[in-house]
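Trainee:
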Amino acid sequence: MSILVNKNTRLIVQGITGREGLFHTQQMVAYGTNVVGGVTPGKGGEWVLDGKIPVFDSVRQAAEATGANASVIFVPARFAADAIFEAADAGLELIVCITEGIPVFDMMRVRAYIDHLDTRLVGPNCPGLLTPGEAKVGIIPGDIAIPGNVGVVSRSGTLTYEVLYALKNIGMGASTCVGIGGDPVNGTNFIDALRMFEADPQTEKVVMIGEIGGTDEEKAAEFIANHMSKPVVSFIAGQTAPPGKRMGHAGAIVQGGTGTAASKIEALKAANVKVARHPEEIPELL
Amino acid sequence: MKLHEYQSKNIFAKYGVPIPPGRVAATAAEARQIAEELGGRVVVKSQVLVGGRGKAGGVKLANSPEEAEELAAKILSMEIKGLPVRKVLIDKAANIETEIYLGITNDRAARKPVIMASAAGGVDIEEVARETPEKIIKVHIDPLLGLQGYQTRDLAAGIDLPKEHWRAFGKICTGLWEAYYHSDATLAEINPLVITAEGELLAVDGKMLIDDNGLFRHPDLAEMRDLDVEDPTEVEARKYGLSFIKLDGNIGCMVNGAGLAMATMDITKLFGGLPANFLDIGGGANADKVAAAFRLILSDPKVEAVLINIFGGITRGDEVARGILAAIDEVKPEVPMVVRLVGTNAEEGRQLLADADMITAETLADAAQKAVAAAKGGK
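So the protein sequences, as listed, match chains A and P.
For the first sequence, counting from 1, position 103 maps to 103 in our numbering; every step adds exactly one.
With positions in the second sequence counted from 1, the corresponding number in our numbering is that position plus 1000.
#1: Whose CA, out of P:Gly-1343, P:Leu-1161, P:Arg-1167 and P:Met-1358, lies closest to the CA of Asp-143 (chain A)?
#2: Out of curiosity, what's the CA-to-CA distance linking Ser-156 (chain A) and Asn-186 (chain A)?
#3: Chain A partners of Glu-1126 (chain P), CB-CB under 7 angstroms?
#4: Show which residues of chain P have a CB atom less than 7 angstroms away from the CB atom of Lys-245 (chain A).
#5: Need the endpoints of the beta strand (DSSP E) that Asn-69 (chain A) sits in, please.
#6: For a test of the three-state rule: what should DSSP assign to Gly-290 (chain A), helix, strand or coil?
#7: Thinking C-beta only, is Leu-94 (chain A) closer than 9 angstroms to Ser-71 (chain A)?
#8: Nearest to Leu-1071 (chain P) by alpha carbon, out of P:Gly-1199, P:Leu-1083 and P:Leu-1089?
#9: Taking 9 angstroms as the threshold (beta carbon to beta carbon), is Ala-1293 (chain P) in contact with chain A?
#10: Which runs of the alpha helix (DSSP H) at least 4 residues long sit entirely within the segment 1050-1089 of chain P? Give them in chain order.
#11: Below 7 angstroms between beta carbons is the criterion; list the residues of the segment 1237-1262 of chain P that meet it against any residue of chain A, in chain order.
#12: Going by the CB atoms, is the gap between Arg-1041 (chain P) and Leu-1061 (chain P) shorter than 9 angstroms?
#13: Cα-Cα, which of A:Ala-80, A:Trp-47, A:Arg-78 and A:Glu-86 is closest to Ser-58 (chain A)?
#14: Starting from the C-beta of Thr-1152 (chain P), find all residues in its chain whose C-beta is less than 6 angstroms away, skip the five residues before and the five after it, and write them out in chain order.
#15: Can you grab the Cα-Cα spacing for the pair Gly-1057 (chain P) / Ile-1075 (chain P), in whole Å?
#16: At 8 angstroms on the CB atoms, spell out the chain A contacts of Tyr-1181 (chain P), in chain order.
#17: Could you pull the DSSP bridge partners for Asn-1309 (chain P) from this structure?
#18: By the 10 Å Cβ neighbour count, where 16 or more other Cβ atoms means buried, how is Asn-189 (chain A) classified, buried or exposed?
#19: Could you check where the alpha helix (DSSP H) with Thr-1174 (chain P) kicks off and where it finishes?
#20: In the DSSP output, which residue or residues are listed as bridge partners for Glu-1189 (chain P)?
#21: Closer than 9 angstroms, CB to CB, is Val-1342 (chain P) near chain A or not?
#22: By the three-class DSSP mapping on this structure, what secondary structure does Pro-1133 (chain P) have?
#23: Should Ile-1267 (chain P) be flagged as near chain A, meaning a C-beta pair shorter than 9 angstroms?
#24: Assign Ala-1028 (chain P) to one of three DSSP states: helix, strand, or coil.
#25: Roughly how far, in whole angstroms, is the beta-carbon of Asn-69 (chain A) from the beta-carbon of Arg-10 (chain A), given that I think they are within contact range, below 8 angstroms?
#26: Which partner residues does Pro-201 (chain A) have in the DSSP bridge list?
#27: Put Leu-4 (chain A) into one of helix, strand or coil per three-state DSSP.
#28: If we count the other Cβ atoms within 10 Å of its Cβ and call it buried at 16 or more, is Asp-1205 (chain P) buried or exposed?
#29: What's the C-alpha gap between Ala-1092 (chain P) and Ala-1035 (chain P)?
#30: Report back the beta-carbon spacing between Ile-265 (chain A) and Val-254 (chain A) to the nearest angstrom; my notes put them in contact at under 8 angstroms.
#31: Give me the chain P residues within the contact set of Ile-144 (chain A), using Cβ-Cβ distance strictly less than 9 angstroms, ordered along the chain.
#32: Give the DSSP bridge partners of Ala-237 (chain A), in chain order.
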């Protein structure tokens, strides 16, 4: 078991003929992910990867022709909300949006709409999902993680890779790694991922990687205290970040005294979560 | 991105929010001319993107065009909190009876915009929020539906606004909301919204923040960016697609990925150093980008060592190493450099860098300790 993606995932790639989309389609296929098709409006009827993967004009056509149940989105920020709406309206169960730089108002509209549907959105501005040995959906390098029993959830990209790699180096593996993304409004938050890990039989421990901005880590701490039986280890990035500045990620900003690393660490410690001083300390805390 | 008061108020006016007659001036003579056109008393208001303009003496009342000219000359020669005053707004003075606060912002936790009103207007609203939060009435706006009429009436009732003003107040709320969402704003604020002695509602001050990610839809707003408030190194960084924030420490950091960049800053401090900057060079690490990053980091004389932390992943380590070497060849930094590379072909990359007399490290902790030691001269 694992969460969200596995070897039965039938994936389409929105923006498959773009530079990023095509490159990462190759990487996902090489990893063993079952990529059944792609979408680029206007390029329906073409094939990519030496004629192995068909391209469709719309998500609905792609889903009908291939039986896809998940989509990963690589389209530019200005078209990304439209791509999410399209995937949701085509009835896909899982939508993973990698795109960075989507206007926050677009994301508020997306959330207001898809909250009424049975669709799970992961991201945007995220590295996607990896269930080691089964499937990767997104851009996480496949070779930095091995299968195992640690669930990983994170707002960051390369910092997550760092943790997966540190785990692998001491022979620990991941059940699934979920990149929830660095935007202030996203589809899946820490609590959603923690709830799924708690219910997943393969996952025995969880690593939660947070950063400054917002109060999601504080809410997650409360959830952990009340609803998690599995141990959680955490790291919070941005203790040295100055207030009022956006640290790369749109959501990583301390505003009006809220969103500080200190507040998150305090809340997590109060919930009996072990908080690592730096990412390489995580494996020993597990 | 922050907009000036006059820019914000002009946008509000476009959506039907009443503002005082007035115009912006860059010279004292212009200020006088505008004051003559307006007639009567005017307010001379410095246009700088910081709070507390009034307290700093940047907002003054003038009884005549001559006085407006004098005050404008004085204010235009001021610096407020380190920012030069380049423009003044000359507004017709209002006969203020009551001051109200009205603002819209994004409530991140609720994932919706929220409109807020308070009868305690004209003062620092964050202070009101801290001391007497019950004085602020909040109503969430469904981003798919927009602000509804009944919600504006709820706000009016919530702040005990006399009923004869409800219709005008509702129109202002709706106008502010339209200005907000048509501009991809993250804040649109009228503080104060005044009721005049003549019984009119008027937005005498205005403030807007625009979502940088939404600017592609608003080339007109993008042009309004005021570079005075931006750190020149941050502006330079943006040209190269780098995300850079200057800090106070002695160890320059060059990292791929925002989260990892923050973690690298934190671990530098953990081992006794202080980060000189936040820098995310993004995916890939071509020589041009790395060279630009080096120039930004090294423009700070306090930097005593540079810590480069690249988690390659799909990017190949030897390519990253070659990019770093090409950039060093161009920039010729004089401070010690510690490099940590992880990912495909990382060992080959580390060897290339070690051959070029750079300090290499395998783990993040090792890299941070070596950088701190190198900064102390222990190379």
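Beta carbons: idealized from backbone N, C-alpha and C, even for Gly.
Being a predicted model, the structure only gives us computed values, none of them experimental.
Mentor: Judging by the given coordinates:
#1: Here residue 143 (chain A) corresponds to residue number 143 of the first sequence, with the count starting at 1. Selection P:Gly-1343, P:Leu-1161, P:Arg-1167 and P:Met-1358 evaluated against Asp-143 (chain A) yields P:Gly-1343 as nearest (Cα-Cα).
#2: One-based indexing of the first sequence puts residue 156 (chain A) at position 156. One-based indexing of the first sequence puts residue 186 (chain A) at position 186. Taking the straight line joining both Cα atoms gives about 13 angstroms.
#3: The count along the second sequence starts at 1 and reaches residue 1126 (chain P) at position 126. The answer, in chain order, is Gly-256.
#4: Within the first sequence, residue 245 (chain A) is the residue found at index 245, counting from 1. Those within 7 angstroms of Lys-245 (chain A) in chain P are Ile-1245.
#5: The count along the first sequence starts at 1 and reaches residue 69 (chain A) at position 69. Unbroken run through Asn-69 (chain A): none, as it is neither H nor E.
#6: One cannot answer for residue 290 (chain A) here, as it falls past the ends of chain A, which runs 1 to 286.
#7: Along the first sequence, read from residue 1 onward, the residue named residue 71 (chain A) stands at position 71. Along the first sequence, read from residue 1 onward, the residue named residue 94 (chain A) stands at position 94. Their beta carbons are under 9 angstroms apart, which means Ser-71 (chain A) touches Leu-94 (chain A) by this criterion.
#8: Here residue 1071 (chain P) is taken as the residue at index 71 of the second sequence, counted from 1. Out of P:Gly-1199, P:Leu-1083 and P:Leu-1089, the CA that lies nearest to the CA of Leu-1071 (chain P) is found in P:Leu-1089.
#9: Here residue 1293 (chain P) corresponds to residue number 293 of the second sequence, with the count starting at 1. No, Ala-1293 (chain P) does not count as interfacial toward chain A.
#10: Runs found: 1065-1076.
#11: Residues Ser-1243, Ile-1245, Leu-1247, Asn-1256, Gly-1257, Ala-1258, Gly-1259, Leu-1260, Ala-1261 and Met-1262.
#12: By 1-based counting over the second sequence, the position of residue 1061 (chain P) is 61. By 1-based counting over the second sequence, the position of residue 1041 (chain P) is 41. In contact: Leu-1061 (chain P) and Arg-1041 (chain P) (Cβ atoms closer than 9 angstroms).
#13: The sequence position of residue 58 (chain A) within the first sequence is 58, counting from 1. Nearest of A:Ala-80, A:Trp-47, A:Arg-78 and A:Glu-86 to Ser-58 (chain A), Cα basis: A:Glu-86.
#14: Numbered from 1 along the second sequence, position 152 holds the residue referred to as residue 1152 (chain P). Counting only residues of its own chain and dropping the five nearest sequence neighbours on each side, Thr-1152 (chain P) has a CB closer than 6 angstroms to the CB of Gly-1170 and Cys-1173.
#15: Along the second sequence, one-based indexing puts residue 1057 (chain P) at 57. Along the second sequence, one-based indexing puts residue 1075 (chain P) at 75. Each residue's alpha carbon lies about 8 angstroms from the other.
#16: For the purposes of this step, residue 1181 (chain P) is taken as residue 181 along the second sequence, with counting starting at 1. For Tyr-1181 (chain P), the chain A residues whose Cβ falls inside 8 angstroms of its Cβ are Phe-105, in order along the chain.
#17: Here residue 1309 (chain P) corresponds to residue number 309 of the second sequence, with the count starting at 1. Note: Asn-1309 (chain P) sits in a beta bridge opposite P:Val-1255 and P:Arg-1340.
#18: Residue numbering aside, residue 189 (chain A) sits at position 189 when the first sequence is read from its first letter. When all chains shown are included, Asn-189 (chain A) counts as buried.
#19: In the second sequence, counting from the first residue as 1, residue 1174 (chain P) sits at position 174. First-last of the alpha helix (DSSP H) with Thr-1174 (chain P): 1166-1182.
#20: Along the second sequence, read from residue 1 onward, the residue named residue 1189 (chain P) stands at position 189. Its beta-bridge partners are P:Gly-1103 and P:Lys-1207.
#21: Along the second sequence, read from residue 1 onward, the residue named residue 1342 (chain P) stands at position 342. Taking Cβ atoms only, chain A reaches closer than 9 angstroms to Val-1342 (chain P), which makes this a yes.
#22: Residue mapping note: residue 1133 (chain P) aligns to position 133 of the second sequence, counting from 1. Helix.
#23: Taking the second sequence and counting its residues from 1, one reaches residue 1267 (chain P) at position 267. Residue contact check for Ile-1267 (chain P) against chain A: a CB pair falls below 9 angstroms.
#24: The residue you call residue 1028 (chain P) lines up with position 28 of the second sequence. If DSSP states are grouped into helix, strand and coil, Ala-1028 (chain P) belongs with the helices.
#25: Taking the first residue of the first sequence as 1, we reach residue 69 (chain A) at position 69. Taking the first residue of the first sequence as 1, we reach residue 10 (chain A) at position 10. Asn-69 (chain A) to Arg-10 (chain A), Cβ: 5 angstroms. Contact.
#26: In the first sequence, counting from the first residue as 1, residue 201 (chain A) sits at position 201. DSSP lists no partner for Pro-201 (chain A).
#27: Translated into the one-based positions of the first sequence, residue 4 (chain A) becomes position 4. Leu-4 (chain A): coil per DSSP, three-state reduction.
#28: Position 205 of the second sequence, counted from the start, is the residue given in the question as residue 1205 (chain P). Buried, because 16 or more other Cβ atoms sit within 10 Å of the Cβ of Asp-1205 (chain P).
#29: Translated into positions along the second sequence, residue 1092 (chain P) becomes position 92. Translated into positions along the second sequence, residue 1035 (chain P) becomes position 35. Here residue 1092 (chain P) turns out to be Lys, not Ala, going by the sequence shown. As the crow flies, the alpha-carbon of Lys-1092 (chain P) is around 8 angstroms from that of Ala-1035 (chain P).
#30: In the first sequence, counting from the first residue as 1, residue 265 (chain A) sits at position 265. In the first sequence, counting from the first residue as 1, residue 254 (chain A) sits at position 254. Between the beta-carbon of Ile-265 (chain A) and that of Val-254 (chain A) there is about 13 angstroms, and that puts the pair past the 8 angstroms contact cut.
#31: For the purposes of this step, residue 144 (chain A) is identified with residue 144 of the first sequence, where counting begins at 1. Close to Ile-144 (chain A), with beta-carbon spacing below 9 angstroms, are these residues of chain P in chain order: Phe-1311, Gly-1313, Val-1342 and Gly-1343.
#32: Counting from one through the first sequence, the residue named residue 237 (chain A) turns up at place 237. According to DSSP, Ala-237 (chain A) bridges with A:Glu-211.
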